[in-house]
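As structure tokens, the structure follows; a few thoughts come after it.
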């Protein structure tokens, strides 16, 4: 009888232990391993972001950071790069503990890394939303307010939509060459591209709205906690995932803005395609050649410039400040792409006329020597 009673008590205690710990409970080693993989994925995701936008407000702070530092941004002490390096250091400590078999300390270090990632992404997600909104707004407006042939998206919708006078002029038959066109033939692009331009505006702001919603949900990941209840690692992971979703949606909105620029200004890449390397307005009298960052050359001789798959670092259809955003949307580091494709860092021989240190912009610096 006593033996049966002891057996019943043992079974009851074992059952209570399983219920309290959970039948599918994870060991500390398993938790540390999963958290280690999670932190590495975050660090991999953050690397191009912190090097492309190492500080705020961008680009004013960036100019101060890079002053006198040469080509590379990696040696600068931007606040985000500093935070990123701190996260890497804490993760490294956890990794050492993990491989030593000290899983409790490893797990604590990984949780510390997770908290730091959350803080950094909270700031970055808002920054990306603000910059995407600014890029979309600028894409909608005129790129060059002093150009009489430039148009905002609203003007394109009004002046080149179905039923407009200009659209009727484009569709009216004429006897060539006796009858001349009553319009600049290059302006027909506003009519051809109107629908796609408007759709990119629509989807750009739709993605921007979803980015704001994702960030808001991330901020409220612990909304159901009581006042005395702390956020747990799973809730923090959900918050981080919402911040990452907000950044990805903001990047997509930037791509929509880039498409708007590409559709509105298809002729701005003329200097990259013609054999003289000069702008269309300057042929044949204007000797100026466009400059990208601090490099000027006859761009048709650049082996990395592929018109059908043009890398954003070459795309003159976008303003200089936003080419960085297009590169970042591809999860690439802008400075690395400039060094590789524009400055041709790894090319054994440079094209004829290659020149470093030319004035920026696109046409006011003297032509490179032949």
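Numbering (the working numbering), first residue to last: 450 to 819. Virtual Cβ for every residue (Gly too), placed ideally from N, Cα, C.
Which listed residue (the options) has its alpha carbon closest to that of residue i
i	options	result
residue 782	708, 491, 549, 497	497
residue 786	797, 764, 798, 806	764
residue 616	600, 509, 515, 639	639
residue 635	600, 797, 741	600
residue 575	558, 711, 658	658
residue 643	603, 779, 624	603
residue 566	487, 552, 510	487
residue 538	503, 550, 489	489
residue 683	670, 676, 677, 675	670
residue 664	476, 578, 738	578
residue 607	647, 689, 711	647
residue 553	515, 586, 477, 504	477
residue 722	754, 504, 699, 696	754
residue 503	528, 513, 485	528
residue 613	637, 533, 590, 774	637
residue 698	526, 629, 662, 768	662
residue 806	485, 690, 667, 792	792
residue 756	717, 794, 768, 774	717
residue 784	475, 499, 485	499
residue 591	551, 667, 776, 714	714
residue 685	678, 738, 667	667
residue 573	514, 677, 501, 630	501
residue 656	505, 802, 605, 696	696
For residue i, the three-state DSSP class (helix, strand or coil)
i	result
residue 562	helix
residue 678	coil
residue 516	coil
residue 644	helix
residue 472	Its pLDDT being 42, under 50, residue 472 is placed unreliably by the model, and the measurement read from it follows with that caveat. In this structure, residue 472 counts as coil in the three-state DSSP scheme.
residue 623	coil
residue 767	coil
residue 799	coil
residue 753	coil
residue 702	helix
residue 792	coil
residue 507	coil
residue 612	coil
residue 637	helix
residue 577	helix
residue 782	coil
residue 590	coil
residue 724	coil
residue 597	coil
residue 632	coil
residue 714	coil
residue 584	helix
residue 550	coil
residue 502	coil
residue 672	coil
residue 735	Below a pLDDT of 50, predicted positions are generally treated as unreliable, and residue 735, at 46, falls in that range; no measurement from the model is reported.
residue 656	helix
residue 526	coil
residue 759	coil
8 Å contact criterion, which residue i and residue j should meet: CB distance rounded
i	j	result
residue 444	residue 581	Only positions 450 to 819 of the chain appear in the structure, and residue 444 is not among them; the question remains open.
residue 431	residue 772	Residue 431 is absent from the structure shown; the chain starts at 450 and stops at 819.
residue 483	residue 569	No, residue 483 and residue 569 are not in contact; Cβ-Cβ is about 21 Å, not under 8 Å.
residue 571	residue 692	6 Å
residue 547	residue 588	Going by Cβ atoms, the distance from residue 547 to residue 588 rounds to 47 Å, so no, they are not a contact pair.
residue 705	residue 652	5 Å
residue 536	residue 492	7 Å
residue 710	residue 766	5 Å
residue 594	residue 770	About 16 Å separates the two Cβ atoms, so there is no contact after all.
residue 649	residue 708	5 Å
residue 700	residue 778	4 Å
residue 645	residue 585	Not confirmed; about 15 Å, so no contact.
residue 680	residue 674	7 Å
residue 749	residue 768	22 Å between Cβ atoms; not a contact.
residue 631	residue 618	5 Å
Residues bridged to residue i (per DSSP)
i	result
residue 744	741, 805
**Report entry** contact_flag[the region 559-573, the region 540-548] where n(CB pairs < 8 Å) is 3 or more
**Finding:** yes
Query raised in the report: Do the region 740-757 and the region 620-633 meet, that is, are 3 or more Cβ pairs less than 8 Å apart?
Result: With a cut-off of 8 Å on Cβ pairs, the region 740-757 is not in contact with the region 620-633, counting fewer than three such pairs.
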